[in-house]
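Notes for the one structure printed next.
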Amino acid sequence: SAVISQKPSRDICQRGTSLTIQCQVDSQVTMMFWYRQQPGQSLTLIATANQGSEATYESGFVIDKFPISRPNLTFSTLTVSNMSPEDSSIYLCSVDWGWGSDEQFFGPGTRLTVL
Amino acid sequence: KNQVEQSPQSLIILEGKNCTLQCNYTVSPFSNLRWYKQDTGRGPVSLTIMTFSENTKSNGRYTATLDADTKQSSLHITASQLSDSASYICVVSLETGANNLFFGTGTRLTVIP
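Laid out in structure tokens, this is it:
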């Protein structure tokens, strides 16, 4: 299994500011993903973080709002830009070992509140 | 449309009792079905993964069943404990694609003493 850590674990931010969330994995992984979980809702995939290239975003999410970096096989960041109260959510990092893998592991999440 | 629906939305049971959570899906082509447990303020943790050919899989007091014909799954929790209080999420994976996961909205289980 993978051990995934996220920083910060929670934050309260003012509207219009930006927050960068870090995700660190204890081993090299092929696939890293970022999810959003709004209050009372299920998980929604934001993007796939690709090592060495731009992230692949899902419908409804754009790079300007959620820029993602993945400088190596164990680390990724998600920035929530120009925040509004609607961005208040739990943001989760997730990994799997690549094609053919059945297992997907999730980080502990970052609880973001925007005032 | 690929969807995963879970019921009930929430459930309260007495400690020591059993309960069953339901998951219906319309995802196709189906690859596997997973049940996750998500404690409050934490990320989801995998309980079971079942492929098309598997009918039942257990993990301690958790037993998942899968009927691929009717596209239904259930998660049975035996002799519930206070620590079972959490959200239980059903996730169905498409056969192809890097990350084609479809998430249910979860069942919020509360175990009371």
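Sequences listed follow chains A and B, in order.
Oh and the first sequence: position 98 is 492 in the working numbering, straight run, nothing missing.
Oh and the second sequence: position 48 is 36 in the working numbering, straight run, nothing missing.
Backbone N, C-alpha and C fix where the C-beta goes; we use that ideal spot for every residue, glycine too.
The structure displayed is predicted, hence computed values, not measured ones.
Point to revise | Terminal residues of the beta strand (DSSP E) in which Met38(B) lies | key: Val33 to Thr39
Check your understanding: Between Ser71(B), Phe91(B) and Asn(-10)(B), which lies nearest to Gly4(B) when the distance is taken from Cα to Cα?
Key -> Ser71(B)
**Study point:** Supposed close pair Arg409(A), Thr504(A) - CB separation, criterion 8 Å
**Key:** That belief does not hold up - the Cβ atoms of Arg409(A) and Thr504(A) are roughly 18 Å apart, past 8 Å.
Review point. Exposed or buried, which one is Asp55(B) when buried takes at least 16 other CB atoms within 10 Å?
Key: exposed
Exercise for review: Look at the Cβ atom of Ile0(B), then the Cβ atom of Ser68(B), and state whether they are nearer than 7 Å.
Suggested key: no
Review point. Shorter than 7 Å from the beta carbon of Ser470(A) to some beta carbon of chain B?
Key: no
Exercise for review: Return the residues of the segment 20 to 43 of chain B that lie within a Cβ-Cβ distance of less than 9 Å from chain A, sorted by chain order.
Suggested key: Interface annotation for the segment 20 to 43 of chain B against chain A: Asn20, Arg22, Tyr24, Gln26, Gly29, Arg30, Gly31, Pro32, Val33, Ser34, Ile37 and Thr39, criterion Cβ-Cβ distance under 9 Å.
Exercise for review: Compare the C-alpha of Leu467(A) against each of Lys401(A), Met425(A) and Arg430(A) and name the closest.
Suggested key: Met425(A)
Review point. In whole angstroms, what separates the C-alpha of Leu486(A) from that of Val456(A)?
Key: 17 Å
Exercise for review: With DSSP as the reference, label Asp72(B) as helix, strand or coil.
Suggested key: helix
Review point. In chain order, what residues of the segment 432 to 463 of chain A put their CB closer than 7 Å to some CB of chain B?
Key: Those residues of the segment 432 to 463 of chain A that come within reach of chain B (Cβ to Cβ, closer than 7 Å) are Gln435, Ser436, Leu437, Leu439 and Thr442.
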